[in-house]
Amino acid sequence: MSDQPAERLWEENMPLKSSAIPGKPTGGQQDPLLGQRFLQALNALLSTAKIHLDNNKLLQDAVQTFAKIIEECLQYDDEINLIAAVGGFYLQQEKVGLQRNLAGLGRKLLLYFSDRQIDGLRFKRSTAYASRTDLLDFIRLLNKSKNEKDPVHWLYSMLEEKRFNWVELIDTNQAQSLASIFDAGAGNPTSAVIKNQENAVASRASVNKKQTAHRQKTGKKAQKKSLAGRRKKRRTQRALLTYSSAMHSLKDVAKRLAGNKNAGMGKSVQLVQNMVDMIMNDDNVLLDLSTIRDYDDYTFTHSINVSILSLCLGHRIGLSKVLLARLGLSALFHDLGKIDIPKEVLNKPGKLDADEFKIIQNHSIYSVRRILRLRASYDRKAGIMLPPFEHHLRYDLGGYPKTPRKNPISLFGRIITIADVYDAVTAPRVYRDSYMSQDKALGLMLQDSGTMFDPILLKVFINMLGIYPVGTVLVLDDAQLGLVTHAPEDADDQGALWIVHLKRQENGGYEKGEYLNLGTWDPKTKMFNRAIHQTHHPADLGIQPAEFLI
Numbered sequence: 000m001s002d003q004p005a006e007r008l009w010e011e012n013m014p015l016k017s018s019a020i021p022g023k024p025t026g027g028q029q030d031p032l033l034g035q036r037f038l039q040a041l042n043a044l045l046s047t048a049k050i051h052l053d054n055n056k057l058l059q060d061a062v063q064t065f066a067k068i069i070e071e072c073l074q075y076d077d078e079i080n081l082i083a084a085v086g087g088f089y090l091q092q093e094k095v096g097l098q099r100n101l102a103g104l105g106r107k108l109l110l111y112f113s114d115r116q117i118d119g120l121r122f123k124r125s126t127a128y129a130s131r132t133d134l135l136d137f138i139r140l141l142n143k144s145k146n147e148k149d150p151v152h153w154l155y156s157m158l159e160e161k162r163f164n165w166v167e168l169i170d171t172n173q174a175q176s177l178a179s180i181f182d183a184g185a186g187n188p189t190s191a192v193i194k195n196q197e198n199a200v201a202s203r204a205s206v207n208k209k210q211t212a213h214r215q216k217t218g219k220k221a222q223k224k225s226l227a228g229r230r231k232k233r234r235t236q237r238a239l240l241t242y243s244s245a246m247h248s249l250k251d252v253a254k255r256l257a258g259n260k261n262a263g264m265g266k267s268v269q270l271v272q273n274m275v276d277m278i279m280n281d282d283n284v285l286l287d288l289s290t291i292r293d294y295d296d297y298t299f300t301h302s303i304n305v306s307i308l309s310l311c312l313g314h315r316i317g318l319s320k321v322l323l324a325r326l327g328l329s330a331l332f333h334d335l336g337k338i339d340i341p342k343e344v345l346n347k348p349g350k351l352d353a354d355e356f357k358i359i360q361n362h363s364i365y366s367v368r369r370i371l372r373l374r375a376s377y378d379r380k381a382g383i384m385l386p387p388f389e390h391h392l393r394y395d396l397g398g399y400p401k402t403p404r405k406n407p408i409s410l411f412g413r414i415i416t417i418a419d420v421y422d423a424v425t426a427p428r429v430y431r432d433s434y435m436s437q438d439k440a441l442g443l444m445l446q447d448s449g450t451m452f453d454p455i456l457l458k459v460f461i462n463m464l465g466i467y468p469v470g471t472v473l474v475l476d477d478a479q480l481g482l483v484t485h486a487p488e489d490a491d492d493q494g495a496l497w498i499v500h501l502k503r504q505e506n507g508g509y510e511k512g513e514y515l516n517l518g519t520w521d522p523k524t525k526m527f528n529r530a531i532h533q534t535h536h537p538a539d540l541g542i543q544p545a546e547f548l549i
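With numbering that gives the first Met the number 0 as the guide, the letters of the sequence shown map in order to residues 0 to 549.
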């Protein structure tokens, strides 16, 4: 073993890729054995790290080999997803085929993942700039996690502590929580993806093989289009998993706190950072998911929706990624104190009496107390606990809890107030018989501009969502029904109002029809290209908007 310090043998701050930015296709064909080489490199690094110190030449070579595989994968995709499933591994939604003499390697790695309760790993594009030291530290954490009582929770906390934002754990089982929201009707591809990740991945693998053959026939233009399509599908899948994982994480935190057990926020931090990354790239998918409504898990879906809406609004006003991450986490926990409110009060049908309303008002203070009890650094908690206290104070300070303060509420508090009210009034609740459509909700909120809401932020919020927000049901002049959606990616008129036709089925439900362009708003006629007779909340039709939007 060399007597030189590790940093002399190893440029620990050298990025994995020092030239071109990863994620850009180089024009070459992807190696069909890339998945096999990825598993071989990962296995070699895991094994070598168990028996050698950092400055060992064999270990350095193993890290270098794995780093090159990471670099190669990032030439074709924005991120690397490795999923362990029954029967083998999937890399980028394609099953990794192993040569016969390497079958033992596959079984060994499956057992390794199983022992640590890990379903998969995701390496983000920023992995290309992680130091060799950080990459090895992560590998050592994986090895060490087997000895922990709860390997996954321990890994999440360690990833947060070391600020390894370039890698995360994939928990495919958490997708079940989102499947419970959708009706999961036959032929629903979105529900199929969520309900059975392995089958969906295998199915996409088959589709991808056909697409590969098609690309070989149609040339570079078709290849680029297919690559863009695959990336869009993966962004959608990642958003679905992030949403469902966030709900699972919130439930877990609430359950632990309610049982007087320790609860951390490492997993939530990671999920919010995912949402920030997605919003910085394209906020449409997450805005579509923010239309999810659920009676049984209202508090959790509401908190996630408020976090998404807050992040989108924060992004529109130019907040940095660091501030967005803090805003999103604060919004995610803004109603955490509701676990201390009796369920018979929280879910009471009808109007609350004065005493019950006082109990409800306490949840803002309870949220702060619960955040303080979370297992996280003091700075982390201090940065997110004020907005949950403020989100019912109102812009004019006339709300609750009553306070002698005269200073205006914080920027984050004002943002979360807007997102909170919008999602709340557009959500079907057990104690409400009627539903307010999204456009009517914005109109109602506009009446309280300057009193309940910051007028400037509210204006930005309304401009962000549009006159008819995504998820609004429109009734056209010919009685045709349509759901407001984002413009198709290949549409020329991206600024127009688009709807997806809702076709009534014989069983009384609806299926997704064609896209319709209603044009842009004409200030003179005060109309779009088609007359809009009236609007409805999706719950009036018994539909879940996200099923038709993603």
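The C-beta atom is built at its ideal place from N, Cα and C for all residues, glycine as well.
Residue i, DSSP secondary structure in three states
| i | result |
| --- | --- |
| Thr-300 | helix |
| Asp-521 | strand |
| Gly-22 | With a pLDDT of only 36 at Gly-22, under the threshold of 50, the placement of this residue in the model should not be trusted, and no figure is reported. |
| Leu-120 | strand |
| Ile-359 | helix |
| Tyr-394 | coil |
| Val-166 | strand |
| Ile-383 | coil |
| Ser-366 | helix |
| Met-264 | coil |
| Arg-115 | coil |
| Asn-146 | coil |
| Ala-245 | helix |
| Thr-534 | strand |
| Tyr-421 | helix |
| His-314 | helix |
| Ile-82 | strand |
| Lys-350 | coil |
| Gly-258 | coil |
| Ile-498 | strand |
| Arg-428 | coil |
| Phe-411 | helix |
Same chain, Cβ closer than 7 Å to residue i, five either side skipped, listed in chain order
| i | result |
| --- | --- |
| Leu-133 | The sequence given here places Asp at residue 133; Leu does not occur at that position. Counting only Cβ-Cβ distances below 7 Å, and skipping sequence neighbours, we find Phe-163. |
| Val-305 | Ala-330, His-333, Ile-415, Ala-418, Asp-419, Asp-422 |
| Ala-61 | Ala-43, Leu-44, Thr-47 |
| Asn-283 | His-485 |
Buried or exposed (CB count within 10 angstroms, at least 16 for buried), residue i
| i | result |
| --- | --- |
| Ser-17 | Caution applies to Ser-17, whose pLDDT of 36 falls short of 50 and renders its modelled position unreliable; the value that the coordinates give is listed next. Ser-17 should be labelled exposed. |
| Tyr-509 | buried |
| Arg-131 | buried |
| Ala-440 | buried |
| Ile-264 | The sequence given here places Met at residue 264; Ile does not occur at that position. Classification for Met-264: buried. |
| Lys-145 | exposed |
| Glu-488 | exposed |
| Pro-387 | buried |
| Lys-337 | buried |
| Ile-50 | exposed |
| Gln-98 | exposed |
| Ser-363 | buried |
| Glu-343 | exposed |
| Asn-273 | buried |
| Ala-127 | buried |
Neighbourhood of residue i by C-beta distance below 6 Å, restricted to the same chain and skipping five residues each side
| i | result |
| --- | --- |
| Asp-453 | Tyr-394, Arg-413 |
| Ser-309 | Leu-326, Ala-330, Ile-414, Ile-415, Ala-418 |
| Cys-72 | Ile-79 |
| Asp-438 | Tyr-467, Thr-471, Thr-534 |
| Thr-450 | Asp-395 |
Rounded Cβ spacing between residue i and residue j (contact assumed at less than 8 Å)
| i | j | result |
| --- | --- | --- |
| Gly-470 | Thr-290 | 4 Å |
| His-333 | Asp-419 | 7 Å |
| Leu-550 | Ala-48 | Since the first and last residues shown for the chain are 0 and 549, residue 550 lies out of range. |
| Leu-108 | Phe-88 | 7 Å |
| Tyr-155 | Lys-250 | At roughly 15 Å, the Cβ-Cβ gap does not stay under 8 Å, so Tyr-155 and Lys-250 are not in contact. |
| Val-474 | Leu-480 | 6 Å |
| Leu-312 | Met-463 | 6 Å |
| Leu-135 | Asp-53 | 6 Å |
| Leu-270 | Ala-253 | About 15 Å; that fails the 8 Å criterion. |
| Asp-492 | Asn-516 | 6 Å |
Residue i beta carbon near the ligand FMN (any heavy atom closer than 7 Å)
| i | result |
| --- | --- |
| Leu-335 | You won't find the ligand FMN in this model; it holds no ligand whatsoever. |
Own chain, CB closer than 8 Å to residue i, minus 5 neighbours either side, in chain order
| i | result |
| --- | --- |
| Ser-39 | Position check: residue 39 holds Gln in this sequence, whereas Ser was assumed. Same-chain partners within the cutoff: Leu-101, Leu-104. |
| Leu-371 | Lys-380, Met-384 |
| Arg-255 | Asn-261, Ala-262 |
| Thr-402 | Leu-392, Leu-396 |
Contact with chain B by residue i, beta-carbon distance below 8 Å
| i | result |
| --- | --- |
| Met-463 | Checking the listed chains, one finds no chain B in this structure; it contains a single protein chain. |
Practice problem: Scan the stretch 431-492 and note each continuous alpha helix (DSSP H) run of 4 residues or more that stays entirely inside, going in chain order. | Solution: Fully enclosed alpha helix (DSSP H) runs of 4 or longer: 437-446, 454-464.
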